[in-house]
Amino acid sequence: MTFELSHFNAALLFALCASTVFGITQRNTPRDMFRYGAYCFSLFVGGVILAAWVMWAIKH
Amino acid sequence: MANPQDTAAVPRNLRNDAAAPQTNSMVAAATIAAWLLPGLGHLIQRRYVRGLLILLAVFIMFFVGLGMQGKVYSFNTGDLLDILGFIGDLGAGLLYFVARIMNWGIGNIHRAVADYGTKYIVVAGLLNIIAAVDAYHIAIGKKQ
Chain A
1 MTFELSHFNA ALLFALCAST VFGITQRNTP RDMFRYGAYC FSLFVGGVIL
51 AAWVMWAIKH
Chain B
1001 MANPQDTAAV PRNLRNDAAA PQTNSMVAAA TIAAWLLPGL GHLIQRRYVR
1051 GLLILLAVFI MFFVGLGMQG KVYSFNTGDL LDILGFIGDL GAGLLYFVAR
1101 IMNWGIGNIH RAVADYGTKY IVVAGLLNII AAVDAYHIAI GKKQ
């Protein structure tokens, strides 16, 4: 069985899983865990989008 | 100001006993279990939601990585990155040994996504190590 994920979807799934574990392990209360997980996820996705625009700018 | 949970004046039914340190054997068991099976260290300490979320996150990353034809590293003494890849993969515990026994994760150098899969598998192991350390912290009472 093989998965055919696009680069963006692969990055999103990576961000979701990593943020989940980061949130659980780096904070103490459920509320803080959720907030930190969401923060990490937004940084991951924001970094991906930013890097994509930088690469686009380099190419053009 | 002292933490009210640290004082004996707090009635027993109002104390948070979940953060109480456990015996050495329980600490070792929780840590090793957390490494062997992702989330198990939390589950046996009654952190069911956290344990299930860790289990899901690590399993998804590991098996999606395999599905993307990522490579599972074997023990090697060659290139430094290969050695580090092996150490990262080993963090997945039983998942790693099952993958090796079943001969999964041969890799495919002809697909760019397969390289992502390799990274997925390594990061699944590293996330599991972080989760095992967290389970250890819960067991010694450093974290609730």
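Here the protein sequences come in this chain order: A and B. Numbering follows the numbering used here, in which position 4 of the first sequence is assigned residue number 4; successive positions increment by one, without gaps. Add 1000 to a position in the second sequence, counting from 1, and you land on the number used in the numbering used here. C-beta: ideal position from N, C-alpha, C; glycine also.
Can you tell me whether Y1149(B) is buried or exposed? The criterion is at least 16 other CB atoms within 10 Å of its CB, across all chains shown.
Residue 1149(B) is absent from the model: chain B starts at 1001 and stops at 1144.
Excluding five sequence neighbours on each side, which residues of the same chain lie with their C-beta closer than 8 Å to the C-beta of Y1096(B)?
Excluding its 5 nearest sequence neighbours in each direction, Y1096(B) has C-beta neighbours in its own chain below 8 Å: V1072, D1089, L1090 and G1125, listed in chain order.
Any residues in the segment 46 to 59 of chain A with a beta carbon nearer than 7 Å to a beta carbon of chain B? Which ones, in chain order?
Residues of the segment 46 to 59 of chain A with a C-beta atom less than 7 Å from some C-beta of chain B do not occur.
Determine the closest residue to I1031(B) out of A1132(B), Q1144(B) and K1142(B), with distance taken between C-alpha atoms.
Checking the displayed sequence, the identity of residue 1031(B) turns out to be Thr instead of Ile. Ranking A1132(B), Q1144(B) and K1142(B) by CA distance to the CA of T1031(B) puts A1132(B) first.
Beta-carbon separation of I1121(B) and G1065(B) under 8 Å?
Cβ atoms of I1121(B) and G1065(B): closer than 8 Å.
Could you tell me which of A51(A), M33(A) and M55(A) sits nearest to K1143(B), measuring between CA atoms?
Checking every option, the nearest Cα to that of K1143(B) belongs to M33(A).
Inside the segment 2 to 47 of chain A only - alpha helix (DSSP H) runs reaching at least 4 residues:
Runs of the alpha helix (DSSP H) inside the segment 2 to 47 of chain A: 7 to 26.
Just to confirm my understanding: we take T1007(B), look at its own chain, exclude 5 residues before and 5 after, and list those with CB closer than 6 Å. What are they?
Here the model assigns T1007(B) a pLDDT of 45, short of 50, so the residue's position is not dependable, and the following value carries that caveat. Nothing meets the Cβ criterion.
Tell me, please, whether the CB atom of N28(A) is closer than 8 Å to any CB atom in chain D?
Absent from the structure is chain D; the protein chains it does hold are A and B.
M1061(B), buried or exposed, once every other Cβ within 10 Å from all chains shown has been counted against 16:
The residue is buried, with at least 16 neighbouring Cβ atoms inside 10 Å.
T29(A) classed as buried or exposed, judged by whether at least 16 other C-beta atoms fall within 10 angstroms
With a threshold of 16 other beta carbon atoms within 10 Å, T29(A) falls short and is exposed.
Is the beta carbon of A1099(B) closer than 8 Å to that of M1068(B)?
No, the pair does not count as a contact, with Cβ atoms beyond the cut-off.
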